[in-house]
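Take a look at the structure below.
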């Protein structure tokens, strides 16, 4: 069963700065350009001569855009899923296109070590654009998990509920003039059959989903946004990671999440 909101929900304590930013980075409802100053993933300098032979490499696939939050800043990462499990890193010498996760694109550039360097935004052609879904009540599921070698529970499900569905929801309501809010449930904690020595976000998400369904009776199809919280692990060098767009959108919180 999902965790219930705390009894003192009407008067939550103020969030610590880290927790507030973590919740914001995790949910990513609004386009980063609307309120964030983000670095782009820069192309590698000094390509070797053999790279020029692949200057006209072209691929079609589904775009994945990730917002990665660190203690000293944040950046946007772009990947192109081209089929058969292959994922290319997209690096832009100019401005990256304003597209969300789930868009289908054709990209052209220099290929080296599974990274495609695009000379300008004209190197990416949108074939099908994913539509943003940032208005109205957003249905969010928060799943809290820990690991076989790290079964700690650094905050309660109740405080995760307060952070997400009161503090973060109020932030979005205020900044969207009441057009966006968050509602949903918190499940966990669950210990998943995985070591904390690797940072495999897809595996964390898959195992967390399985646990929420099997142990908590969650109906995942009822939510359009997923957040995965887990105790801080050194294998992940960020503390907030979230998809920009996507259906469902997904986000991961590494460590600090709860109110203080």
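In this note's numbering, the protein residues as written are 3 to 262.
No residue lacks a Cβ here, since even glycine has one placed at the ideal position from N, Cα and C.
Beta-carbon proximity of residue i to residue j, cut-off 7 Å
i           : j           : result
residue 225 : residue 145 : no
residue 105 : residue 131 : yes
residue 92  : residue 80  : yes
residue 65  : residue 101 : yes
residue 247 : residue 103 : yes
residue 83  : residue 63  : yes
residue 259 : residue 192 : no
residue 240 : residue 70  : yes
residue 181 : residue 137 : yes
residue 252 : residue 207 : yes
residue 109 : residue 61  : yes
Proximity winner among the options, relative to residue i (alpha-carbon distances)
i           : options               : result
residue 76  : 83, 86 and 68         : 68
residue 139 : 242, 237, 227 and 215 : 227
residue 151 : 197, 205 and 231      : 197
residue 129 : 219, 174, 235 and 99  : 99
residue 202 : 156, 256 and 174      : 256
residue 230 : 223, 219, 242 and 221 : 242
residue 205 : 217, 184, 232 and 221 : 232
residue 263 : 181, 94, 89 and 87    : In the structure displayed, the chain extends from 3 to 262; residue 263 sits before or after that span and is not available.
residue 234 : 118, 85, 72 and 58    : 72
residue 254 : 162, 134 and 58       : 162
residue 58  : 177, 178 and 121      : 121
residue 153 : 194, 124 and 125      : 194
residue 141 : 74, 184, 90 and 89    : 184
residue 125 : 115, 107, 134 and 133 : 107
Beta-ladder partner(s) of residue i, from DSSP
i           : result
residue 185 : 141
residue 194 : 149
residue 237 : None; residue 237 has no bridge partner.
residue 167 : Note: residue 167 sits in no beta bridge, so no partner.
residue 255 : 231 and 242
residue 94  : 120
residue 84  : Answer is none; residue 84 lacks a bridge partner.
Residue-chain proximity (residue i, chain D), Cβ-Cβ < 7 Å
i           : result
residue 196 : You won't find chain D in this structure, because it holds only one protein chain.
Rounded distance between the beta-carbons of residue j and residue i, thought under 8 Å
i           : j           : result
residue 237 : residue 147 : Contact flag wrong, Cβ pair sits at about 14 Å.
residue 215 : residue 222 : 7 Å
Margin query: Count Cβ pairs between the stretch 154 to 166 and the stretch 176 to 191 that sit closer than 8 Å; are there 3 or more?
Written below: yes
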